[in-house]
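Take a look at the structure set out below.
Residue numbers (UniProt numbering): 1 to 364.
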């Protein structure tokens, strides 16, 4: 009977100790849960019983990887497995700036230049036909030779004539042929490469056409946009060379260009050397303007067209094209200057000689 109070006190102390231990364990578990929730990556803890004789220190790390950590704690192996963090970096995709540049380079363009230049050529031809004297309609080239737009070798110092002749055409067939070809071949190039690049190529072909004609056929008057048209055709060859791997129908484009150029060049050579009656029926074709326009289109195409491949040997092609175009252009300009100055000196000397002859003959 005397031991009952002592026994009750002991039992109460044991219960209080148990409650304190449970409370401590509960607080420890809540603390661990709070720390786990604050982490960026989720962890799965798997307790695997180990040999009870193990005396490893608390949380001795055995190994660690990016996805898991294996630890030992007081005779237990604790394997903490982390859920992998999603990788937002895509090594196969370019960075944001590179992606923006790629989209900028591959954007489509409206073919403003080809459409506007075609409309201007049609409008000028229609105006010339409307204002042309009736007696000129039966001529092979009804355009008056004193037109301010015609290229004339005796007026080479009027520099605009090296470009303005492209707005004039001999007849409806001449105009329609050039318009159809430059629309068919020029629009795809301008949509892909932009207005500025195609404008430079076209005008370079026009300039090269008159410049080459002034050197080879120095007595020929020139009208028509064939130099620019052939520059567009040759620019297709440059585009195929630079971007063949990025084009869906490169072989088809190459075949169409080769077929057209072969037929047109064959016709030009035939009318030039074999069909004498053709000169009476229609205007003479200036194949020199075609060839020099094509040369300009090919070289300028290598210089200004977009290059989506950027291979090492294409840098050599770029410098070679620049050298060829500059050499041809400088030579032709110097030739024209020398030829013009020489002609003026001979004309002045001829007038002086004529005056001396008239004076010697007694003619005042």
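We treat Cβ as the ideally placed atom computed from N, Cα and C, and that holds for glycine.
Query - Three-way DSSP call (helix, strand, coil) for residue 168 in this model - result: As a working note, residue 168 is residue 168 in the chain shown. Residue state, collapsed to three classes: coil.
Requested in this report: Using the Cα positions of residue 339 and residue 155, report the straight-line distance between them to the nearest angstrom.
Outcome: Counting from 1 along the chain shown, the entry for residue 339 is found at position 339. Counting from 1 along the chain shown, the entry for residue 155 is found at position 155. Rounded to the nearest angstrom, the two C-alpha atoms are 12 Å apart.
Query raised in the report: Where does residue 169 land, buried or exposed, given buried means 16+ other C-beta within 10 angstroms?
Result: The residue labelled residue 169 in the question sits at position 169 within the chain shown. The residue is buried, with at least 16 neighbouring Cβ atoms inside 10 Å.
Query - Given 8 Å, three or more beta-carbon pairs between the stretch 197-205 and the stretch 222-233 - result: yes
Query - Through-space distance from residue 341 to residue 347, alpha-carbon basis - result: If you number the chain shown from 1, residue 347 lands on position 347. If you number the chain shown from 1, residue 341 lands on position 341. Going from the Cα of residue 347 to the Cα of residue 341 covers about 10 Å.
Report task. Could you tell me whether the stretch 210-226 touches the stretch 283-299, where touching means 3 or more Cβ pairs closer than 8 Å? Result -> yes
Report task. Identify, in the order they occur along the chain, each residue of the same chain with its Cβ nearer than 8 Å to the Cβ of residue 303, setting aside the five sequence neighbours on each side. Result -> Counting from one through the chain shown, the residue named residue 303 turns up at place 303. For residue 303, where only same-chain residues beyond five positions count, the Cβ hits under 8 Å are 318, 321, 322, 325.
Query raised in the report: In terms of alpha-carbon separation, which member of 232, 24, 120, 118 lies closest to residue 256?
Result: What you label residue 256 is simply residue 256 of the chain shown in a count that begins at 1. Nearest of 232, 24, 120, 118 to residue 256, Cα basis: 232.
Query raised in the report: What residue from 111, 248, 291, 148 has the CA that sits closest to residue 266's CA?
Result: What you label residue 266 is simply residue 266 of the chain shown in a count that begins at 1. Minimum Cα distance to residue 266 is reached at 291.
**Report entry** Reduced DSSP category for residue 265 - H, G, I as helix; E, B as strand; rest coil
**Finding:** Against the chain shown, residue 265 aligns to sequence position 265. In this structure, residue 265 counts as helix in the three-state DSSP scheme.
Query raised in the report: Can you list, in chain order, the residues of its chain whose CB lies under 6 Å from that of residue 296, leaving out five sequence neighbours each side?
Result: For this step, residue 296 is matched to residue 296 along the chain shown. Counting only Cβ-Cβ distances below 6 Å, and skipping sequence neighbours, we find 204, 205, 208, 231.
**Report entry** Spatial distance of residue 215 from residue 182 (CA atoms)
**Finding:** Looking up residue 215 in the chain shown gives position 215. Looking up residue 182 in the chain shown gives position 182. For residue 215 and residue 182, the distance between alpha carbons rounds to 26 Å.
Requested in this report: Evaluate residue 264 with the Cβ neighbour count: other Cβ atoms within 10 Å of its Cβ, from every protein chain shown; 16 or more gives buried, anything less gives exposed.
Outcome: The count along the chain shown starts at 1 and reaches residue 264 at position 264. By the 10 Å Cβ count, residue 264 comes out buried.
Query raised in the report: Taking the alpha carbon of residue 299 as the point to measure from, which residue in 245, 237, 260 has its own alpha carbon closest?
Result: Translated into positions along the chain shown, residue 299 becomes position 299. Answer by Cα proximity: 237.
Query raised in the report: How many whole angstroms separate the CB atoms of residue 244 and residue 250, which I take to be in contact at a CB cut-off of 8 Å?
Result: Here the question's residue 244 lines up with position 244 in the chain shown. Here the question's residue 250 lines up with position 250 in the chain shown. Contact flag correct, Cβ pair sits at about 5 Å.
Query raised in the report: Straight-line CA distance for residue 309 to residue 143?
Result: Counted from its first residue, the chain shown places residue 309 at position 309. Counted from its first residue, the chain shown places residue 143 at position 143. Their backbone Cα atoms lie some 47 Å apart in a straight line.
**Report entry** Status (buried if at least 16 other CB within 10 Å, exposed otherwise) for residue 311
**Finding:** Along the chain shown, one-based indexing puts residue 311 at 311. Exposed.
Query raised in the report: Cα separation between residue 111 and residue 185?
Result: Within the chain shown, residue 111 is the residue found at index 111, counting from 1. Within the chain shown, residue 185 is the residue found at index 185, counting from 1. For residue 111 and residue 185, the distance between alpha carbons rounds to 11 Å.
Query raised in the report: Which residues does DSSP pair with residue 151 in a beta bridge?
Result: Residue mapping note: residue 151 aligns to position 151 of the chain shown, counting from 1. DSSP lists 222 as partners of residue 151.
Report task. Tell me where the alpha helix (DSSP H) around residue 246 begins and ends. Result -> The residue you call residue 246 lines up with position 246 of the chain shown. Taken as a continuous stretch (DSSP letters only), residue 246 belongs to no alpha helix (DSSP H), as it is neither H nor E.
Query raised in the report: CB-CB under 7 Å to residue 157, same chain, minus the five flanking residues each way: which ones, in chain order?
Result: Along the chain shown, read from residue 1 onward, the residue named residue 157 stands at position 157. 340, listed in sequence order.
Query - Separation of residue 174 from residue 114, as counted between CA atoms - result: Within the chain shown, residue 114 is the residue found at index 114, counting from 1. Within the chain shown, residue 174 is the residue found at index 174, counting from 1. Rounded to whole angstroms, residue 114 to residue 174 spans 17 Å at the Cα level.
Query - Test item: CB-CB of residue 177 and residue 121 under 7 Å - result: What you label residue 177 is simply residue 177 of the chain shown in a count that begins at 1. What you label residue 121 is simply residue 121 of the chain shown in a count that begins at 1. The answer is no: Cβ separation not under 7 Å.
Query - residue 165 to residue 149 span [Cα, whole Å] - result: Numbered from 1 along the chain shown, position 165 holds the residue referred to as residue 165. Numbered from 1 along the chain shown, position 149 holds the residue referred to as residue 149. Each residue's Cα considered, the two are about 5 Å apart.
Query - Option nearest residue 117 by Cα separation, candidates 190, 107, 153 - result: Numbered from 1 along the chain shown, position 117 holds the residue referred to as residue 117. Closest by alpha carbon: 190.
Query raised in the report: Residues in its own chain within less than 7 Å of residue 335 by CB, not counting five upstream and five downstream?
Result: The residue given as residue 335 occupies position 335 in the chain shown. For residue 335, where only same-chain residues beyond five positions count, the Cβ hits under 7 Å are 215.
Query raised in the report: So residue 242 and residue 307 are in contact, right, with Cβ under 8 Å, and what is the actual spacing, rounded?
Result: Here residue 242 refers to the residue found at position 242 when the chain shown is read from its first residue. Here residue 307 refers to the residue found at position 307 when the chain shown is read from its first residue. That pair is a contact at about 5 Å.
Report task. Give me the Cα-Cα distance between residue 161 and residue 127, rounded to the nearest whole angstrom. Result -> Taking the first residue of the chain shown as 1, we reach residue 161 at position 161. Taking the first residue of the chain shown as 1, we reach residue 127 at position 127. Cα to Cα, the separation comes out at about 19 Å.
Query raised in the report: What is the residue span of the alpha helix (DSSP H) that residue 199 lies within?
Result: To locate residue 199, count along the chain shown from 1; it is residue 199. Looking at the DSSP string, the run of the alpha helix (DSSP H) that includes residue 199 is 195-216.
Query raised in the report: Can you name, in chain order, every residue of its own chain whose Cβ lies under 6 Å from the Cβ of residue 239, other than the five neighbours on each side?
Result: Within the chain shown, numbered from 1, the residue matching residue 239 stands at position 239. Result list for residue 239: 305, in chain order.
**Report entry** Nearest residue (CA-CA) to residue 108, options 27, 194, 163
**Finding:** Here residue 108 refers to the residue found at position 108 of the chain shown. Nearest C-alpha to residue 108: 194.
Query - Helix, strand or coil at residue 110 [DSSP, three-state] - result: Counting from one through the chain shown, the residue named residue 110 turns up at place 110. Looking at residue 110 - three-state DSSP - the assignment turns out to be coil, as it is neither helix nor strand.
**Report entry** Rounded straight-line distance, which links the Cα of residue 24 to that of residue 63
**Finding:** Taking the first residue of the chain shown as 1, we reach residue 63 at position 63. Taking the first residue of the chain shown as 1, we reach residue 24 at position 24. Confidence in residue 63 is poor, its pLDDT being 47 and thus under 50, which makes the residue's placement too unreliable to answer from.
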